[in-house]
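Chemist: Before we start, here is the structure in question, set down as structure tokens.
4 protein chains.
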Amino acid sequence: MSKKDKIVQAAIEVFKEKGIERTKVSDIVKAAGIAQGTYYLYFPSKLAIMPAIADVLIEILVADIRKQINTDDPFKTQLDDLVEVMYQHTKEYRDVHSLVYAGLSSTEYLQQWEEIYEPFYEWLGDVLENAIRREEVRQEMNAKRTAKLLIGTIETSAEQAYLYDQTDEKEIDEQKKELRTFINQALGTKND
Amino acid sequence: MSKKDKIVQAAIEVFKEKGIERTKVSDIVKAAGIAQGTYYLYFPSKLAIMPAIADVLIEILVADIRKQINTDDPFKTQLDDLVEVMYQHTKEYRDVHSLVYAGLSSTEYLQQWEEIYEPFYEWLGDVLENAIRREEVRQEMNAKRTAKLLIGTIETSAEQAYLYDQTDEKEIDEQKKELRTFINQALGTKND
Amino acid sequence: MSKKDKIVQAAIEVFKEKGIERTKVSDIVKAAGIAQGTYYLYFPSKLAIMPAIADVLIEILVADIRKQINTDDPFKTQLDDLVEVMYQHTKEYRDVHSLVYAGLSSTEYLQQWEEIYEPFYEWLGDVLENAIRREEVRQEMNAKRTAKLLIGTIETSAEQAYLYDQTDEKEIDEQKKELRTFINQALGTKND
Amino acid sequence: MSKKDKIVQAAIEVFKEKGIERTKVSDIVKAAGIAQGTYYLYFPSKLAIMPAIADVLIEILVADIRKQINTDDPFKTQLDDLVEVMYQHTKEYRDVHSLVYAGLSSTEYLQQWEEIYEPFYEWLGDVLENAIRREEVRQEMNAKRTAKLLIGTIETSAEQAYLYDQTDEKEIDEQKKELRTFINQALGTKND
DNA sequence: TATGAATGAGCGTTCATTCAT
DNA sequence: TATGAATGAACGCTCATTCAT
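Residue numbers (our numbering), protein chains in the order written: chain U, 2 to 193; chain X, 2 to 193; chain L, 2 to 193; chain W, 2 to 193.
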């Protein structure tokens with residue numbers, strides 16, 4: 002693993018640990034086992050690491066999705082699995098996610114956010130197009146735009162679920178069920 | 002207007018202009034026309050004001066919605082209007098909104114986020130229940146849960162739209178149209 | 002009790018409680034049950050109360066001494082009793098004592114310290130003069146100067162004893178015994 | 002000289018000039034010729050430097066004493082010299098001394114005070130033991146305890162003397178004379 | 001006298017960034 | 001490349017004091 006990756010990994014770890022607290026560069030370098038100055042050989046400023054972190058988060062998410070979702074399954078199954086993976090991912094990384102988002106907010110990097118999500122949009126867009134072709138969903142939709150809507154809906158729902166520490170799993174399951182109905186309707190998913 | 006409200010108003014203004022990191026307490030008090038120490042009579046720390054700001058943002062949003070949406074209109078019309086108002090609101094306040102969210106992230110206050118949204122959820126939940134009763138939407142939904150999903154979907158979509166400064170209105174209109182289809186389908190809105 | 006006295010009493014209480022921590026004017030007024038501004042009707046500044054506190058401390062000490070020491074007793078007995086009372090007093094008030102001393106240090110009031118001790122010096126000077134007259138101690142001493150030395154010696158010894166929280170009473174007793182020998186020798190106290 | 006020592010030296014100088022309340026960390030670092038942040042690499046807070054200062058003060062005192070006192074001299078002479086050196090030292094450093102003591106009072110460090118004095122107690126304890134062996138003082142004393150009493154007595158006496166700016170040297174000489182008598186008696190110093 | 005909200009100068013501390021090695 | 005001690009600008013917060021009521 003390159004030193005740069007090591008720094009990014011360490012940063013993610015520290016964000017997860019320190020959670021809500023503000024993370025210092027000195028924490029990151031300590032976790033990465035490098036000297037304070039070394040950080041600046043790879044990133045020009047404290048916030049400059051944020052896009053790299055966001056990239057990794059999306060990479061992890063997309064990798065998980067590819068692993069857990071079988072694109073030969075019926076679309077409805079794939080959709081259910083997508084919800085599961087995204088809930089799982091949100092649960093594990095939601096602190097980091099919101100911190101990174103916050104970090105990007107205070108810089109010129111915010112613009113990159115959508116760009117970073119692009120591979121994810123792309124993947125889901127392809128899946129939707131397949132489903133359209135296979136007539137497993139309604140026909141007249143724009144696959145890419147709908148992919149963005151779908152991702153936004155699932156992600157926000159997951160965030161609402163895990164916003165409270167109180168992981169009342171039963172409550173979460175209810176919400177997940179409602180979500181599945183909501184998006185299946187939205188896409189006009191065929192059942193049989 | 003109470004002094005506390007004056008501080009909150011001033012904070013919103015300054016956050017809109019400068020962002021969260023770049024905003025000093027001294028900027029807020031200057032804008033509010035009060036002394037530095039006075040701020041701390043009302044809020045124990047710089048970040049402690051965030052929930053109060055979020056409250057105001059939601060108040061404004063809900064007030065706008067009440068003003069612009071006629072609950073006697075067909076549900077479909079109300080939904081269209083809701084999208085318009087929320088897009089408008091996101092456009093105007095999206096900086097503050099994400100800053101406040103970021104600010105809450107770095108504190109123990111994040112938990113309050115959902116609580117603050119409660120009045121909005123409540124309102125839309127009532128509207129949905131009416132629509133269910135009037136058979137303008139599909140029957141088997143849970144109104145409150147669906148309200149949360151709906152709000153999350155519209156809000157995220159609006160955020161995606163205004164994430165870039167480049168306000169390509171045509172592009173935005175396309176996305177808005179796709180969104181309307183998406184949510185109408187999701188709710189099973191009746192057309193006639 | 003006058004309001005001024007109430008403030009002084011409250012200040013002593015707060016000093017005892019907060020001990021080592023810096024005490025704020027707001028703590029004092031809260032304890033005294035008065036408004037912040039009222040304090041300044043009686044003392045022109047935060048530190049201005051220090052001499053008044055010192056006065057009270059000495060008053061208490063001298064009152065205790067008068068109560069516990071019988072000036073008709075043999076001088077040696079009086080001396081033993083004096084040691085007891087001063088140790089007791091130091092134990093109870095040593096935090097306040099050092100804080101007041103510190104408080105006076107940072108002002109022009111430090112000069113008053115000796116002045117405040119004057120009644121105590123006076124009292125012990127008289128006792129010593131009696132002892133000289135009664136030939137219970139060596140003859141050639143200057144009563145007033147020796148009183149000051151004696152008080153300083155006993156007080157410092159007591160402070161050394163209670164500097165540590167660890168109140169090893171056995172150790173303290175040993176030191177007290179050594180002290181008694183030391184001062185009896187110093188004064189040439191007659192035994193029989 | 003190490004950077005830490007440089008900071009301590011500078012702090013002593015500044016405290017002598019300005020007092021503890023009026024001394025800002027920025028004054029200390031300016032005098033030390035270092036950056037503000039550097040101070041905090043060596044001391045975690047403003048007050049945390051106090052024990053280090055106290056250490057230095059005692060070091061200086063003990064060094065002076067070793068230089069000025071000939072341990073081959075008769076004990077009585079050594080005692081006279083000790084009084085001289087301690088008066089001298091108190092005169093020069095009394096502001097810093099009481100400030101440091103006050104500073105320690107407001108922290109958890111107060112406990113260290115006796116610990117810091119330890120080398121001084123040790124030295125005088127040895128001297129006393131020698132005197133006992135040579136039968137220059139009374140025989141039955143505990144050397145270490147008596148050393149503490151002796152130091153306390155002389156120090157307090159010197160502080161009483163220099164508490165007033167008005168250095169009436171004649172008055173001070175009188176008191177010093179009375180002090181010498183007092184402690185010689187206390188120790189049973191032999192004259193011939 | 002008494003109040004207590006308001007003041008605002010002032011200070012301790014932090015932490016991103018630099019640079020000599 | 002790598003180090004980590006040093007930097008110093010920047011800022012949150014405190015708290016003694018004031019003053020309108």
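We put the beta carbon where it would ideally sit given N, CA and C, even for glycine.
(1) Can you look up L:Lys25 in the DSSP assignment and give me helix, strand or coil?
(2) Which complete alpha helix (DSSP H) runs does the segment 20-88 of chain W hold, if anything under 4 residues is left out?
(3) Do W:Leu180 and L:Pro150 count as a contact pair if the criterion is CB distance below 8 Å?
(4) Going by C-alpha to C-alpha distance, which of U:Lys191, U:Ile13, U:Gly189 and U:Ile152 sits closest to U:Glu85?
(5) Just reading off the alpha helix (DSSP H) that X:Lys145 is part of, what are its end residues?
(6) What's the C-alpha gap between L:Lys4 and L:Met51?
(7) With distances taken Cα to Cα, identify the nearest neighbour of W:Val138 among L:Arg67, L:Lys92, L:Val15 and L:Phe183.
(8) When the Cα atoms are used, what is the spatial distance from W:Glu109 to X:Leu42?
(9) Grouping DSSP H, G and I as helix and E and B as strand, with all else coil, what is L:Gln112?
(10) Taking only beta-carbon atoms, is U:Thr190 less than 8 Å away from chain X?
(11) Checking contacts by CB at 8 Å: is L:Gly126 closer than that to chain W?
(12) Counting only Cβ pairs nearer than 7 Å, list the residues of chain X close to U:Tyr110.
(13) Spell out whether any CB of chain L is found under 8 Å from the CB atom of W:Glu115.
(14) Indicate the three-state DSSP secondary structure (helix, strand or coil) for W:Arg95 in the structure shown.
(15) List the whole-angstrom C-beta distance separating W:Tyr88 from W:Lys177, where the pair is believed to meet the contact cut-off of C-beta under 8 Å.
(16) For W:Lys149, would you say it is in contact with chain L, using Cβ-to-Cβ distances shorter than 8 Å as the test?
(17) Measure the CB-CB distance between W:Ala162 and W:Ile173 and report whether it falls below 8 Å.
(18) Determine, using beta-carbon pairs with one atom in the segment 57-64 of chain W and one in the segment 16-36 of chain W, whether at least three such pairs fall under 8 Å.
(19) Taking the alpha helix (DSSP H) that W:Glu172 belongs to, which residues open and close that run?
(20) For a contact meaning CB atoms closer than 7 Å, what does L:Thr183 contact in chain W?
(21) Determine the direct distance from the alpha carbon of W:Tyr102 to that of L:Val101, and round the result to whole angstroms.
(22) Quick check: is the beta carbon of W:Ala103 nearer than 8 Å to any beta carbon in chain L?
(23) Among residues of its own chain, excluding the 5 on either side of W:Ile66, which ones have a beta-carbon nearer than 6 Å to its beta-carbon?
(24) Exposed or buried, W:Met142, counting other C-beta atoms within 10 Å across all chains shown (16 or more means buried)?
(25) Taking L:Gln112 as the reference, give the member of W:Pro45, W:Trp114, W:Glu160 and W:Ile8 with the closest Cα.
(26) Can the beta-carbon of L:Val57 be found closer than 8 Å to that of L:Tyr40?
(27) Of all the CB atoms in chain U, is at least one closer than 8 Å to the CB of X:Thr157?
(28) Quick one: is X:Gln176 near chain U, going by C-beta distance under 8 Å?
(29) When DSSP labels each residue in this structure, what does W:Glu137 get in the three-state scheme?
(30) How many angstroms separate the CA atom of U:Asp82 from the CA atom of U:Ile70?
(31) Once the 5 residues before and after L:Lys191 are set aside, which same chain residues still bring their CB inside 6 Å of it?
(32) Starting from the beta carbon of U:Gln161, find every residue of chain X whose beta carbon is closer than 8 Å, and list them in chain order.
(33) At a Cβ threshold of 8 Å, is W:Glu179 touching chain L?
(34) Have a look at U:Lys92, U:Ala53, U:Ser99 and U:Asn131 and flag the residue whose alpha-carbon is nearest the alpha-carbon of U:Lys77.
(35) Beta-carbon within less than 8 Å of U:Thr154's beta-carbon, same chain only, minus the 5 sequence neighbours each way: which residues are those?
(36) For U:Glu119 versus X:Leu164, is the C-beta spacing smaller than 8 Å?
Modeler: Here's the rundown:
(1) Counted from its first residue, the third sequence places residue 25 of chain L at position 24. Three-state DSSP puts L:Lys25 in coil, outside helix and strand.
(2) Those alpha helix (DSSP H) runs which fall completely within the segment 20-88 of chain W and span 4+ residues are 26-33, 37-43 and 51-69.
(3) In the third sequence, residue 150 of chain L corresponds to position 149, counting from 1. In the fourth sequence, residue 180 of chain W corresponds to position 179, counting from 1. A quick correction: the sequence has Leu, not Pro, at residue 150 of chain L. Yes, the pair counts as a contact, with Cβ atoms nearer than the cut-off.
(4) Here residue 85 of chain U corresponds to residue number 84 of the first sequence, with the count starting at 1. Checked all of U:Lys191, U:Ile13, U:Gly189 and U:Ile152; the closest Cα to U:Glu85 is U:Ile152.
(5) Within the second sequence, numbered from 1, the residue matching residue 145 of chain X stands at position 144. First-last of the alpha helix (DSSP H) with X:Lys145: Ala144 to Tyr163.
(6) For this step, residue 4 of chain L is matched to residue 3 along the third sequence. For this step, residue 51 of chain L is matched to residue 50 along the third sequence. L:Lys4 and L:Met51: Cα-Cα distance of roughly 16 Å.
(7) Taking the first residue of the fourth sequence as position 1, residue 138 of chain W is located at position 137. In terms of Cα proximity to W:Val138, the closest of L:Arg67, L:Lys92, L:Val15 and L:Phe183 is L:Phe183.
(8) For the purposes of this step, residue 109 of chain W is identified with residue 108 of the fourth sequence, where counting begins at 1. For the purposes of this step, residue 42 of chain X is identified with residue 41 of the second sequence, where counting begins at 1. W:Glu109 and X:Leu42: Cα-Cα distance of roughly 30 Å.
(9) Position 111 of the third sequence, counted from the first residue, corresponds to residue 112 of chain L. Here DSSP, grouped into helix, strand and coil, assigns L:Gln112 to helix.
(10) Within the first sequence, numbered from 1, the residue matching residue 190 of chain U stands at position 189. No - not a single Cβ of chain X is within 8 Å of the one on U:Thr190.
(11) Within the third sequence, numbered from 1, the residue matching residue 126 of chain L stands at position 125. L:Gly126 has a beta carbon lying at 8 Å or more from every beta carbon in chain W.
(12) For the purposes of this step, residue 110 of chain U is taken as the residue at position 109 of the first sequence. Chain order gives no chain X residues near U:Tyr110, where near means a beta carbon separation below 7 Å; the closest approach is about 12 Å.
(13) Within the fourth sequence, residue 115 of chain W is the residue found at index 114, counting from 1. Output row for W:Glu115: interface = yes.
(14) Residue 95 of chain W sits at position 94 when you count from the first residue of the fourth sequence. W:Arg95: helix per DSSP, three-state reduction.
(15) Here residue 88 of chain W refers to the residue found at position 87 when the fourth sequence is read from its first residue. Here residue 177 of chain W refers to the residue found at position 176 when the fourth sequence is read from its first residue. 7 Å between Cβ atoms; contact.
(16) Here residue 149 of chain W refers to the residue found at position 148 of the fourth sequence. A Cβ of chain L is located within less than 8 Å of the beta carbon of W:Lys149.
(17) Taking the first residue of the fourth sequence as position 1, residue 162 of chain W is located at position 161. Taking the first residue of the fourth sequence as position 1, residue 173 of chain W is located at position 172. Yes, Cβ-Cβ distance for W:Ala162 and W:Ile173 is below 8 Å.
(18) Taking a contact to require three or more Cβ pairs closer than 8 Å, the segment 57-64 of chain W and the segment 16-36 of chain W do not qualify as touching.
(19) For the purposes of this step, residue 172 of chain W is taken as residue 171 along the fourth sequence, with counting starting at 1. Element bounds for W:Glu172: Glu170 to Leu188.
(20) The residue you call residue 183 of chain L lines up with position 182 of the third sequence. Correcting the residue identity first, residue 183 of chain L is Phe in this sequence and not Thr. The answer, in chain order, is Thr147, Leu150 and Ala187.
(21) Indexing the third sequence from 1 puts residue 101 of chain L at position 100. Indexing the fourth sequence from 1 puts residue 102 of chain W at position 101. Each residue's Cα considered, the two are about 12 Å apart.
(22) In the fourth sequence, the residue the question calls residue 103 of chain W occupies position 102. For W:Ala103, the answer is yes, since a Cβ of chain L falls inside 8 Å of its Cβ.
(23) For the purposes of this step, residue 66 of chain W is identified with residue 65 of the fourth sequence, where counting begins at 1. Closer than 6 Å at the Cβ level, and outside the excluded window around W:Ile66, lie Val86.
(24) Your numbering for residue 142 of chain W matches position 141 in the fourth sequence. Classification for W:Met142: buried.
(25) Residue 112 of chain L sits at position 111 when you count from the first residue of the third sequence. The candidate whose alpha carbon is nearest that of L:Gln112 is W:Glu160.
(26) Counted from its first residue, the third sequence places residue 57 of chain L at position 56. Counted from its first residue, the third sequence places residue 40 of chain L at position 39. Cβ distance not < 8 Å, so L:Val57 and L:Tyr40 don't count as in contact.
(27) On the second sequence, position 156 is the one that residue 157 of chain X refers to. With 8 Å as the cut-off, X:Thr157 counts as an interface residue toward chain U.
(28) As a working mapping, residue 176 of chain X is identified with position 175 in the second sequence. Yes, X:Gln176 counts as interfacial toward chain U.
(29) Here residue 137 of chain W refers to the residue found at position 136 when the fourth sequence is read from its first residue. Assigned with DSSP and collapsed to three states, W:Glu137 falls in coil, not helix or strand.
(30) Reading the first sequence from its first residue, position 81 is the one you call residue 82 of chain U. Reading the first sequence from its first residue, position 69 is the one you call residue 70 of chain U. Straight-line Cα distance between these residues: approximately 6 Å.
(31) Residue mapping note: residue 191 of chain L aligns to position 190 of the third sequence, counting from 1. Cβ within range, chain order: Glu137.
(32) Locating residue 161 of chain U in the first sequence gives position 160, where the first residue counts as 1. The contacting residues are Glu115, Lys149 and Gly153.
(33) Position 178 of the fourth sequence, counted from the start, is the residue given in the question as residue 179 of chain W. At least one chain L Cβ lies under 8 Å of W:Glu179.
(34) Along the first sequence, one-based indexing puts residue 77 of chain U at 76. When only C-alpha atoms are compared, the closest one is U:Asn131.
(35) Working through the first sequence from its first residue, we reach residue 154 of chain U at position 153. If we look at U:Thr154 and ignore the five residues flanking it on each side, its Cβ neighbours are Leu180, Phe183, Ile184 and Ala187.
(36) Stepping through the first sequence from its first residue, residue 119 of chain U is reached at position 118. Stepping through the second sequence from its first residue, residue 164 of chain X is reached at position 163. Against a cut-off of 8 Å, the Cβ pair of X:Leu164 and U:Glu119 comes out as no contact.
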